[in-house]
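Quick note, the sequences are listed as chains E and C, same order. So the first sequence is numbered by this note's numbering: it starts at 4 and just counts up by one. So the second sequence is numbered by this note's numbering: it starts at -17 and just counts up by one. Backbone N, C-alpha and C define an ideal beta-carbon position, used for all residues, glycine too.
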Amino acid sequence: DGGITQSPKYLFRKEGQNVTLSCEQNLNHDAMYWYRQDPGQGLRLIYYSQIVNDFQKGDIAEGYSVSREKKESFPLTVTSAQKNPTAFYLCASSINRRDGYTFGSGTRLTVV
Amino acid sequence: SQQGEEDPQALSIQEGENATMNCSYKTSINNLQWYRQNSGRGLVHLILIRSNEREKHSGRLRVTLDTSKKSSSLLITASRAADTASYFCATALRGSEKLVFGKGMKLTVNP
């Protein structure tokens, strides 16, 4: 079945540590996105990529980094510069921005 | 404030009743989309309505779009307990590569 897979489902980060969230899709979608969801604030766009080897900052890119070396993969690194990383992270993909997005099941990141 | 804002923020109804959710937005759009999110899960795309469309149906879902009022409504008919979830509207803005989500509204359908 085609879909989008995020791993891990739960992730714990120590202060000062970088962590990487995985996002893989087998839908042959060109565009991929990372969102952060905090309670009561909806979804906020971190980074997006419309094509391999290209990505753009979203609204809250500070403290995050991404890569898009393969069409199927769009990993997100939460760096130590992100001071409040505890949140639910959602990855999505689409054929293009004018079509509906397919979301992964999310990664819940907690700072310990 | 948000580009898209859902109203009401929370709605509680009985099974079998209809549920109506509204979304207002501020700037010109290419399309407007509705998503559902079950607790702790990813979002699921429900329906997309383009700026030149006024109404669209999908199963028990009916979406309307009024571009003059910059608003949309999502109607779920004959609701079921399984419809309990958060619902988000999202707007694809003209001239932008971004899809902007509202804060969502929580629907509870009581059996």
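7 Å Cβ shell around residue i - same chain, five flanking residues per side excluded
| i | result |
| --- | --- |
| C/Ser(-17) | Any reading at C/Ser(-17) must be qualified, since the residue scores a pLDDT of 43, below 50, and its modelled position is unreliable; the value itself is stated next. For C/Ser(-17), where only same-chain residues beyond five positions count, there are no Cβ hits under 7 Å. |
| C/Lys52 | Ser6, Tyr7 and Lys8 |
| E/Phe58 | Tyr50, Tyr51, Ser52, Val69 and Arg71 |
Secondary structure of residue i, DSSP reduced to three states
| i | result |
| --- | --- |
| E/Ala90 | strand |
| C/Asp97 | As displayed, chain C neither begins before -17 nor continues past 93, which places residue 97 of chain C out of reach and without an answer. |
| E/Lys49 | Note on identity: in this sequence residue 49 of chain E is Ile, with Lys being the wrong assignment. Reduced to three states, the DSSP call for E/Ile49 is strand. |
| C/Arg23 | coil |
| C/Leu89 | strand |
| C/Ser(-17) | Model confidence at C/Ser(-17) stands at a pLDDT of 43, short of 50, so the residue's coordinates are unreliable and nothing is read from them. |
| C/Glu95 | Because residue 95 of chain C is not part of the residues shown, which for chain C are -17 to 93, the question remains open. |
| E/Ser108 | coil |
| C/Val45 | strand |
| C/Gln15 | strand |
| C/Arg76 | coil |
| C/Val82 | strand |
| C/Leu57 | strand |
| E/Ala34 | strand |
| E/Arg101 | coil |
| E/Asp119 | The structure shown does not extend to residue 119 of chain E, since chain E is modelled only from 4 through 115, so no value can be given for it. |
Whole-number beta carbon distance between residue j and residue i, since they are thought to touch under 8 Å
| i | j | result |
| --- | --- | --- |
| E/Lys12 | E/Thr105 | About 18 Å separates the two Cβ atoms, so there is no contact after all. |
| C/Thr90 | C/Ser(-6) | 4 Å |
| C/Gly84 | C/Gly(-14) | 4 Å |
| C/Ile29 | C/Asn13 | About 10 Å separates the two Cβ atoms, so there is no contact after all. |
| C/Leu75 | C/Ile11 | 6 Å |
Residue i - containing beta strand (DSSP E), residue span
| i | result |
| --- | --- |
| E/Phe15 | Tyr13 to Arg16 |
| E/Phe77 | Where E/Phe77 is concerned, there is no enclosing beta strand (DSSP E), given that its DSSP letter is neither H nor E. |
| C/Lys52 | Premise fails: C/Lys52 is in no beta strand (DSSP E) and is neither H nor E. |
| C/Asp(-11) | Glu(-13) to Asp(-11) |
| E/Tyr67 | Tyr67 to Val69 |
| C/Ala(-8) | Ala(-8) to Gln(-4) |
| C/Ala1 | Ala1 to Ser6 |
| E/Ile7 | Ile7 to Ser10 |
| E/Ser83 | Run containing E/Ser83: none; DSSP gives neither H nor E here. |
| E/Ser25 | Val22 to Gln28 |
Test item: CB-CB of residue i and residue j under 8 Å
| i | j | result |
| --- | --- | --- |
| C/Leu47 | C/Ile58 | no |
| E/Leu30 | E/Gly66 | no |
| E/Ile7 | E/Gly107 | yes |
| E/Val55 | E/Arg71 | yes |
| E/Leu46 | E/Leu79 | no |
| E/Asp41 | E/Ala95 | no |
| C/Glu79 | E/Gln53 | yes |
| C/Tyr69 | C/Arg23 | no |
| E/Ser97 | E/Glu27 | no |
| C/Cys71 | C/Ser54 | yes |
Residues near residue i by beta carbon distance below 6 Å, same chain, minus five either side
| i | result |
| --- | --- |
| C/Leu56 | Met3, Trp16 and Val45 |
| C/Pro93 | Glu(-3) and Ala63 |
| E/Lys74 | Val55 |
Heavy atom of the ligand GDP within 7 Å of residue i beta-carbon
| i | result |
| --- | --- |
| C/Ser6 | With respect to small molecules bound, the structure shown includes none, and the ligand GDP cannot be examined in it. |
Cβ shell of residue i (< 8 Å), same chain only, five flanking positions each side left out
| i | result |
| --- | --- |
| C/Asn0 | Leu57, Ile58, Thr59, Ala60 and Ser61 |
| E/Thr82 | Asn21, Gly66, Tyr67 and Ser68 |
| E/Leu14 | Val22, Leu24, Thr110, Arg111, Leu112 and Thr113 |
| E/Gln44 | none |
| E/Gly19 | Ser83 |
Closer than 8 Å to chain A by CB, residue i
| i | result |
| --- | --- |
| E/Phe106 | Reference to chain A is not applicable here, since the protein chains of this structure are E and C. |
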